[in-house]
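Notes to accompany the following structure.
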Amino acid sequence: MALIEARELSRVYSLDAGRVVALDRIDLDIDAGDMVAIMGPSGSGKSTLMNLIGCLDKPTGGAYRLDGVMVDRLDANGLAKLRNQKIGFVFQQFNLLPRADAATNAELPMLYAGLDRKARRKRALDALARVGLADRWHHRPMQLSGGQQQRVAIARALVNDPRLLLADEPTGALDSKTALDILALFQRLNREGMTVVIVTHDPEVARHARRVVRFRDGRIISDQRQEPARAEEGLKELQAEAAA
Amino acid sequence: MSLMEALRSAFQAITANALRSILTMLGIIIGVAAVIAMVAIGSGAKARVNDQIRSLGANLAIISAGNVQVGGVRLGVGASSSLTDEDARAIKREVEGVEAAAPFIRSQAQAIYQGTNWSTAIQAVDNDFFMAREWDMASGRGFDPEELRRGEIVAILGQTVARTLFGSDDPLDQIVRVRNTPFKVIGVAASKGQSAFGQDQDDIIFVPLETGRRRIMGRNYAKDRSVASVFVKFEQEATMVHGIEEIRALLRQRHRLAEDAEDDFTIRNLTEIANTATASARTLSFLLAAVAAVSLLVGGIGIMNIMLVSVTERTREIGLRLAVGARPRDVLSQFLIEATTLASIGGALGVALGLGIAVAIARTAGWPVLVSPESVLIAVGVSGLVGVFFGFYPARRAAKLDPIEALRRE
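Going down the list, the sequences are from chains A and B. Straight run, no breaks: the first sequence in this note's numbering ends on number 244. Straight run, no breaks: the second sequence in this note's numbering ends on number 654.
Structure representation (structure tokens):
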């Protein structure tokens, strides 16, 4: 059984100007352990799909099943619990709390999972170690580089042991070397068994996925498997160039 | 999220913007301070009035010779010698509900015992005086009727005089000289403490009315049997107003005043004066209560305003919290707790300020500081409720945010 199962999934916005079909009856399955890039220009429906997959929004038609749970039947509290337990979000703008240090930021999802303070701190530190920031746990976002901030955000996404890592333009605010860094981290997490879905308009990012799904006008126009580019090798090439 | 954690994060949010938080709390601080000060002043003033009544004696009116109630330049109280002890006796005899009518004259003189001398008040009274003022003897006895009638040279000392002249010795049956007259001490009066005006009421020597007239006060009082004032004690407070009118009519008749003439005496209802003091304290309390209510209202609106600003500022944070699994009610309670904490801290600061004001006023006015723990609890509780009430709308607004919209907001 696939981790994500979308059947005839639709999202229609009723605006003053009329109906806008953002997503038009799409079928999409994503298996556990895969690494998928969702591509398309702005307005193609990829963000709408991300909101639906991420249980931030409910479809107006069709059915969506995440890890066997019928999402369209849940209320706001049910959706919140599902997001908390099964999904780790990574955003383009990191969305860290500016006044809290890295560990406290990483603890945030566990606050709503009802874990006690000690367990939270331990799991946050473990997650920070997993993204290579073990020694930066007491730094505030302002004291960290963009790449490090995104790593904190990824640690935050990992703390509740989700089934799915859902990233929205995760490298959009980073330079190309740092972007490769982050992609290498995603690839490593994927090798360790994490399902990764990256929503992006950047072909360079999509090259690193095992599967690329392209959208236009609310529909899937192509769905291809590929041999992913290895981000770590890209990094080595960059370093060689810099040396030369 | 547990309550402790919610409180901690509320504290962090409040201290992150300390100046803004303090300014927001100001309305609550003033409101609560007003409540605390109000209660303290109200009960302090009441306690003082009660003390006053207790030390003066209940249901008391005082009649003074002369008239100061009408305007213009007039003779002061006691300046004309129109009041006599016959008047006092007539009042006691003819006016219903009068328990005692005590004529008295007061003067200042030097009292000497052996090598010690002391300037004190000499008050010429009869035994009705002790009844009217509810003033007991600490030792010895009161005047007997013969002593009063014949004007014998005996005296009753107040506590202060007894202590000053005799130290630890027993003053009974000793001789105290006043204006070259040797008075035999027959009693020492119980202590009355300070009067409402801070005067030591025990710094006094009582002598029989007749004796005082002849030996101390001088010729005028002796010639026409006049007195300076008469204390009138009524049996009940309810009959006082009516009784005073009867006394007025009686005295006008006895003094043969023409219909259009003004009174040649002044009657003051001391119980009424005490009640007036209570009433003005109550007015002050109402005023402060109004200030408190308005301040709490304004303070509450201030909190609502700043919480709305805060929700707008932290829209992305709210979006993030919702995305990582906060339920709408988690967000609601976070902002509600923040507003309530803000208001409660304001309440606590207000209590501190109110206590300061209460102590300052009590010092100035010379009455005890009376702050009940209940009023402190109520004040802090009410400010917390203000936080809940005015924090609810902003908190609900935060909880209703759409996570997608909120995350997209710059």
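Backbone N, C-alpha and C define an ideal beta-carbon position, used for all residues, glycine too. Just so we're clear, the structure is a prediction, and the values are computed from it rather than from any experiment.
Residue span of the alpha helix (DSSP H) that contains residue i, given as start and end
i, result
"residue 530 (chain B)", "514-557"
"residue 145 (chain A)", "Residue 145 (chain A) -> no alpha helix (DSSP H), and no H or E assigned at all."
"residue 461 (chain B)", "Careful: residue 461 (chain B) lies outside any alpha helix (DSSP H) and carries neither H nor E."
"residue 626 (chain B)", "617-643"
"residue 54 (chain A)", "Looking at the DSSP string, residue 54 (chain A) is not in any alpha helix (DSSP H), and its letter there is neither H nor E."
"residue 333 (chain B)", "329-338"
Cross-chain neighbours of residue i in chain B, by beta carbon under 7 angstroms
i, result
"residue 89 (chain A)", "567, 568"
"residue 109 (chain A)", "568, 569"
"residue 57 (chain A)", "648"
Delimiting residues of the beta strand (DSSP E) encompassing residue i
i, result
"residue 347 (chain B)", "342-357"
"residue 219 (chain A)", "219-225"
"residue 166 (chain A)", "164-168"
"residue 426 (chain B)", "425-433"
"residue 417 (chain B)", "It is not in any beta strand (DSSP E) - residue 417 (chain B) carries neither H nor E in the DSSP assignment."
"residue 195 (chain A)", "195-200"
"residue 24 (chain A)", "18-30"
"residue 474 (chain B)", "473-478"
Backbone secondary structure at residue i - three-state DSSP
i, result
"residue 96 (chain A)", "coil"
"residue 104 (chain A)", "helix"
"residue 309 (chain B)", "strand"
"residue 134 (chain A)", "helix"
"residue 140 (chain A)", "coil"
"residue 438 (chain B)", "strand"
"residue 568 (chain B)", "coil"
"residue 360 (chain B)", "strand"
"residue 588 (chain B)", "helix"
"residue 91 (chain A)", "coil"
"residue 229 (chain A)", "coil"
"residue 595 (chain B)", "helix"
"residue 456 (chain B)", "helix"
"residue 383 (chain B)", "strand"
"residue 408 (chain B)", "helix"
"residue 173 (chain A)", "coil"
"residue 49 (chain A)", "helix"
"residue 152 (chain A)", "helix"
"residue 246 (chain B)", "coil"
"residue 212 (chain A)", "strand"
"residue 651 (chain B)", "helix"
"residue 444 (chain B)", "strand"
"residue 42 (chain A)", "coil"
"residue 188 (chain A)", "helix"
"residue 207 (chain A)", "coil"
"residue 243 (chain A)", "helix"
Expected contact under 8 angstroms - CB spacing of residue i and residue j to nearest Å
i, j, result
"residue 542 (chain B)", "residue 271 (chain B)", "4 angstroms"
"residue 560 (chain B)", "residue 643 (chain B)", "Going by Cβ atoms, the distance from residue 560 (chain B) to residue 643 (chain B) rounds to 16 angstroms, so no, they are not a contact pair."
"residue 84 (chain A)", "residue 569 (chain B)", "2 angstroms"
"residue 28 (chain A)", "residue 4 (chain A)", "7 angstroms"
"residue 445 (chain B)", "residue 299 (chain B)", "7 angstroms"
"residue 178 (chain A)", "residue 30 (chain A)", "With 8 angstroms as the limit, residue 178 (chain A) and residue 30 (chain A) do not qualify as a contact, their Cβ atoms being about 27 angstroms apart."
"residue 304 (chain B)", "residue 370 (chain B)", "No, residue 304 (chain B) and residue 370 (chain B) are not in contact; Cβ-Cβ is about 16 angstroms, not under 8 angstroms."
"residue 106 (chain A)", "residue 128 (chain A)", "6 angstroms"
"residue 450 (chain B)", "residue 472 (chain B)", "15 angstroms between Cβ atoms; not a contact."
Closer than 7 angstroms: residue i CB and nearest the ligand ZN heavy atom
i, result
"residue 221 (chain A)", "The ligand content of the structure shown is nil, which means the ligand ZN is not present either."
8 angstroms Cβ cut-off: residues of chain B touching residue i
i, result
"residue 183 (chain A)", "Within 8 angstroms Cβ-Cβ: nothing; residue 183 (chain A) doesn't reach chain B, min ~22 angstroms."
"residue 81 (chain A)", "569, 571"
"residue 76 (chain A)", "571, 572"
"residue 190 (chain A)", "Simply none; closest approach about 21 angstroms."
Chain-ordered neighbours of residue i on chain B, where CB pairs are closer than 9 angstroms
i, result
"residue 99 (chain A)", "256, 257, 260"
Beta-ladder partner(s) of residue i, from DSSP
i, result
"residue 450 (chain B)", "B:367, B:400"
"residue 7 (chain A)", "A:63"
"residue 326 (chain A)", "For chain A, the structure presents residues 1 to 244; residue 326 (chain A) sits outside this window and is missing."
"residue 304 (chain B)", "B:477"
Per-residue contacts from residue i into chain A (C-beta, under 9 angstroms)
i, result
"residue 560 (chain B)", "93, 95"
"residue 249 (chain B)", "111, 117"
"residue 541 (chain B)", "Those within 9 angstroms of residue 541 (chain B) in chain A number zero; the least Cβ separation is about 32 angstroms."
Neighbour list for residue i in chain A, Cβ cutoff strictly below 8 angstroms
i, result
"residue 580 (chain B)", "Those do not exist, as residue 580 (chain B) stays about 16 angstroms from chain A at its closest Cβ, beyond 8 angstroms."
Cross-chain neighbours of residue i in chain A, by beta carbon under 7 angstroms
i, result
"residue 645 (chain B)", "Going along chain A, no residue has its Cβ under 7 angstroms from residue 645 (chain B), so there is no contact; the nearest lies around 11 angstroms."
"residue 564 (chain B)", "95"
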